[in-house]
Structure formats: structure tokens, C-alpha cells
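For the sequence shown, full-length UniProt numbering begins at 1 and goes up steadily by one. Just so it is clear, CB atoms sit at the ideal spot from N, CA and C, and this is done for glycine as well.
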Amino acid sequence: VAKQWALLSDRRRVSANHLKMFGQPLGDDLTDVTSKLGELLIMCSSTMTEFSSNYDQYCETMQSIAEKDATLHSGREKKAKLQETIERHEQEHPGGVDKLMQLKEQMAKVDRKLLPAETDMSNYQRIAMRESMYMLFNSMSEFASKMDLIATFAKYIVDELDVTPIEPGETRLEYHGMERTATVVKDAKRAVDYWKPDGTKLRRTLTSQHGHNPLIKKLPPPPPPAFSSEAVNYKPDEPSPHPHHQHLRSTSNVSNNSSLGVGGFYPPSSPNPALGPGGFSNMYLDQNLYQFYQHYAAPQPYDEMARQHYRPTPSHSPYFGPHQTHAPVGPGGFVLPGNNPYY
């Protein structure tokens with residue numbers, strides 16, 4: 001999905017340049033308006049690029065859950081096989097108490113070894129889910145806010161087009177909006193560059209706090225395969241038969257005022273901490289990463305937020321009094337067909 005957003009961003013940039021080229025021979029007003037709108041559409045493209053990078057960070061964090069869960073597969077498979085063996089033994093040898101006790105002791109040993117890793121996995125799933133979803137929805141809010149800003153300024157450029165019809169042979173009035181449209185573009189760029197998130201909607205994240213995502217750590221490389229006397233031949237340009245797992249590193253093109261920091265992987269400055277059975281480390285607790293979210297409350301209570309955005313009918317609203325009826329209007333400010341006598 002992140003690649004699709006990046007591809008869409010490139011296409012929007014090309015489309016914006018085509019619009020500027022299209023308007024060049026059309027006359028002073030259309031040339032100016034299409035040129036200025038092209039600049040704003042290129043800003044839209046840059047905003048999409050930022051979102052694609054943030055989306056990539058979200059995907060990395062979600063992927064880390066699956067990667068860490070995979071470290072437990074061998075232990076879980078061993079437990080499942082033991083369970084099957086115990087059930088089969090009980091059915092086929094109901095009197096084999098000694099063997100059954102041995103199998104149950106093995107099961108208890110596997111459970112004791114697997115329990116800490118399963119607990120760590122359960123903890124990690126929750127903090128990683130919270131981090132990834134906050135990153136996703138923070139970036140969605142940023143994307144929507146910046147696109148709304150650009151669209152709002154762009155409409156004032158479109159307003160400069162004089163649509164008064166003229167008769168054949170009549171000269172159109174001279175265009176005087178070039179200075180105004182230039183100001184609009186300049187103000188739009190300033191508004192986007194100095195955009196700051198709404199504190200009532202923003203959720204803080206570990207990524208923004210640390211400048212990178214501290215939850216994503218490179219797992220130690222898998223042990224080398226057992227020596228085999230059989231030679232394995234493959235060409236240098238072919239993938240190795242025992243590839244090492246590669247992690248992605250995203251470079252987020254975010255502004256200084258963005259709520260999200262640069263994500264990706266940072267090599268540890270100190271030796272890797274000791275890992276538990278599931279590939280986890282107590283460093284998460286030592287760095288108070290879990291405590292970061294433990295007592296974190298939303299910056300705005302839900303009821304207050306709902307009052308600002310929820311507009312139901314009186315019978316369904318727990319917040320509003322008598323509802324004043326208005327003519328049905330669409331999202332673009334147009335009267336809906338059912339209320340238009342000329343439709």
C-alpha cells in the first residue's frame with residue numbers, strides 16, 4: 001500500500017506539470033491559474049509522499065508483531081506434538097501410567113519454558129498495536145489537514161477566472177489576478193510548511209518521542225546451517241539458499257513540525273541485550289516503553305469530541321436539543337436534488 005501511495009504521488013506530480021503545460025497557450029487568465037494550481041497540486045504530491053513514508057512505518061511496526069510471533073513457532077509446535085502424543089497414548093495405552101507421567105513432565109517443562117516468551121509476546125502485541133495505529137491515524141490526520149489547507153487556498157485561485165461570456169469579436173476584460181494568485185500560492189506554502197497538529201486530536205507515540213521506533217529491533221541472525229558434505233552451487237546473482245532476514249528502513253520525509261519522527265532501524269550503540277526464549281529483551285521494561293502508554297489518556301474526552309462532530313437527529317442525539325431543520329445540502333455546498341425545484 002505504501003508503494004501505491006508513492007506511485008500515486010508521482011502520478012499526481014506528473015499530472016500537475018501537464019496542467020501547467022496545458023494552460024500555457026490559453027491566455028493570461030488561464031495560463032496564470034493553471035500554472036498556480038499546478039504548483040499547489042505538486043504540494044499535494046509531496047504530502048502524499050510524506051504519508052506513504054509514514055504508512056511504511058506503520059507497516060513495519062505491524063510486521064514486527066508477526067516476526068516476533070514467528071520466534072515462538074518451534075516451541076508451540078513442540079507443545080502441540082507433545083499434546084497429541086499424550087492424547088494418543090491415553091487412547092492406545094490407558095494403563096501406561098509411567099510413560100504418561102513422563103510425557104506430562106515433558107509438557108510441564110515445555111510450558112514453563114514457553115510461558116515467559118508467550119507473556120512477552122502478549123505484552124508486545126498490545127504496545128506495538130497501539131504504536132502502529134497511533135502512527136497511522138496521526139499521519140492520516142496530518143495528510144487530511146494539509147490536503148484541506150491546499151484545497152482551501154486553491155479555490156481562491158480558481159475564483160480569479162472570469163466566466164462572464166463574451167460575444168464573437170468582443171474583447172475579454174484584461175486579467176489582473178496574477179499578483180493575487182502569487183500571494184495565494186505563497187501563503188499556501190507557508191501554511192503547509194508551518195502546519196502543526198491539533199493537540200486535541202494528536203496521540204503521542206514512542207516514535208515521535210525517541211526520533212525512531214524503539215520497538216523495532218533487529219533480531220539476532222539465525223544460527224548457521226549444519227555442515228553438509230554436499231556442495232551447493234549457485235550463481236552470485238542468484239539468492240542464497242540460506243538468506244538472512246532483511247529488515248526495511250523507511251526514511252520519512254516529515255517536516256520539523258510533524259508529530260511523527262523519522263522511523264526505521266537504528267543500530268544499538270551498546271552490545272545487544274540478552275534475549276529471552278522468544279527473542280525478546282527486558283530492555284523494553286528497562287526503558288519504560290510500556291509505562292509510556294500505561295497511564296496515557298486522550299488529550300480530549302470522547303464526549304467533548306463527539307459534541308463537536310456528531311450531528312444526529314434529536315431522537316438519536318444524547319448531546320443536542322431541538323434540531324433545526326435546514327435544506328439538505330451536499331458536501332460541496334450544493335442543494336440536493338430532492339430540494340431543487342429545477343432538478
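> Which class does residue 193 belong to by DSSP, given the choice of helix, strand or coil?
Replying inline: helix
>> At the level of alpha carbons, what is the spacing between residue 173 and residue 159?
In response: 15 Å
>> Using 8 Å as the cut-off, can you tell me whether the stretch 131 to 145 makes contact with the stretch 49 to 60, which would need three or more C-beta pairs spanning the two stretches below that distance?
In response: yes
>> What does the Cβ neighbour count give for residue 190, buried or exposed, with the cut at 16 atoms within 10 Å?
In response: exposed
> For residue 78, which of 61, 100, 114, 92 has the nearest alpha-carbon?
Replying inline: 114
> Since residue 295 is in the alpha helix (DSSP H), which residue starts that stretch and which ends it?
Replying inline: Neither: residue 295 is in no alpha helix (DSSP H) and is coded neither H nor E.
>> As a quick exercise: from 40, 107, 136, 74, pick the residue whose alpha carbon is nearest that of residue 59.
In response: 136
> If you run the structure through DSSP and keep just helix, strand and coil, what is residue 94?
Replying inline: coil
> Between 208, 162, 88, 181, which lies nearest to residue 134 when the distance is taken from Cα to Cα?
Replying inline: 208
> Would you report the Cα separation of residue 415 and residue 139, rounded to the nearest angstrom?
Replying inline: The structure shown does not extend to residue 415, since the chain is modelled only from 1 to 343, so the question has no answer here.
> Which residues in the same chain have their Cβ closer than 6 Å to the Cβ of residue 300, if we skip the five residues on either side of it in sequence?
Replying inline: 200
>> For residue 27, count the other beta carbons within 10 Å of its own beta carbon; 16 or more makes it buried, fewer makes it exposed. Which is it?
In response: exposed
> What runs of the alpha helix (DSSP H), each 4 residues or longer, lie entirely inside the stretch 105 to 142?
Replying inline: none
> Can you tell me whether DSSP reads residue 75 as helix, strand or coil?
Replying inline: helix
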